[in-house]
Amino acid sequence: MSDARKKHAKQAAPAPATPQPAPAGTKAGVVPWPPLIYLAAIAVSVILHAVYPLPWLGPPMSDILVAVGWLALLAMAALYFTAFRAMTRAKTPINPNTPPEHLVTEGPFGVTRNPIYLANTLLLIGVGLVFGITWFLPLALLAAFATKKMAIDKEERWLAEKFGKRYRDYAKRVRRWI
């Protein structure tokens, strides 16, 4: 190759690739499947309970805690059902990694911006209280914190970008959890 061609080839070479933002309609950076955080918390709770069980309160407090646990599980079931119904009616996907077509603000979304993540947290708390497994309680809080940092913060930025002022107004009006 002649010197002129080499010089022209160097000039025509493309610039090194720079990271580009995710294309519109995707939710890059969100945990592959956020419920995995809660499944991991369940697994760790069961393993820790088997290896190093923590003390639990005796009657009558344990009976009260079991009742509170069942209430938490009832609230969890109600949140799942009403959130799934609201999302289905709005024709928006339930999968947290599939971009929504519509901003859902009805049903439980009018009370909490994250009813499904709240239901996941209530599941851990309820199971811990019903079965007297103390490890579920701190791990429920840890899972909620991890979900906020690894999924919710990114989802909320994405929703604000996609829905703009409408989402920002909704976020001002409705709390993240409860």
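Each residue of the sequence shown is one higher than the one before, starting from 302 at the first, in our numbering. The beta-carbon is built from N, C-alpha and C at its ideal position, and this holds for glycine as well. Since we're looking at a predicted model, the values are computed, not measured.
If you run the structure through DSSP and keep just helix, strand and coil, what is residue i?
i, result
"Thr484", "There is simply no residue 484 to check, as the chain begins at 302 and stops at 479 in what is shown."
"Arg469", "helix"
"Arg474", "helix"
"Pro335", "coil"
"Asn415", "coil"
"Thr448", "helix"
"Ile434", "coil"
"Gly359", "coil"
"Leu393", "First, the residue type needs correcting, since residue 393 is Thr and not Leu in the sequence shown. Residue state, collapsed to three classes: coil."
"Leu340", "helix"
"Ile560", "In the structure as shown, the chain starts at 302 and stops at 479, and residue 560 therefore has no counterpart that could be examined."
"Pro439", "helix"
"Leu423", "helix"
"Leu349", "helix"
Mind checking residue i: buried by the 16 CB within 10 Å criterion, or exposed?
i, result
"Thr389", "exposed"
"Ile365", "exposed"
"Trp334", "exposed"
"Gly465", "exposed"
"Ser346", "buried"
"Met362", "exposed"
"Leu440", "buried"
"Ala351", "exposed"
"Asn396", "exposed"
Leaving out the 5 sequence neighbours to the left and right, which residues in its chain are closer than 7 Å to residue i when beta-carbon positions are compared?
i, result
"Leu419", "Leu380, Thr413, Trp478, Ile479"
"Ala391", "His403, Val405"
"Tyr468", "Leu404, Leu460, Ala461"
"Trp357", "Ser363, Gly433, Thr435"
"Leu355", "Thr435, Trp436"
"Asp470", "none"
Enumerate in chain order the residues of its own chain whose CB-to-CB distance from residue i is below 6 Å, with the five nearest sequence positions on each side excluded.
i, result
"Ile338", "Ala444, Ala447, Thr448"
"Gly370", "Gly427, Leu430, Val431"
"Leu424", "Met377"
"Glu402", "Thr393"
"Thr383", "Gly408, Pro409"
Should residue i be listed as close to the ligand FMN, given that the test is whether its C-beta is under 6 Å from any heavy atom?
i, result
"Leu380", "By its list of ligands, the structure shown contains no ligand whatsoever, and the ligand FMN lies outside what it can speak to."
How far does the alpha helix (DSSP H) with residue i in it extend, from its first residue to its last?
i, result
"Phe410", "Per DSSP, Phe410 belongs to no alpha helix (DSSP H) and is neither H nor E."
"Met362", "362-390"
"Leu460", "454-464"
Below 8 Å CB to CB, which residues in the same chain sit around residue i once its five sequence neighbours on both sides are set aside?
i, result
"Val475", "Thr406, Phe410, Gly411, Val412, Thr413, Arg414"
At a cut of 8 Å, does the segment 447-459 reach the segment 424-439 through at least three beta carbon pairs?
no
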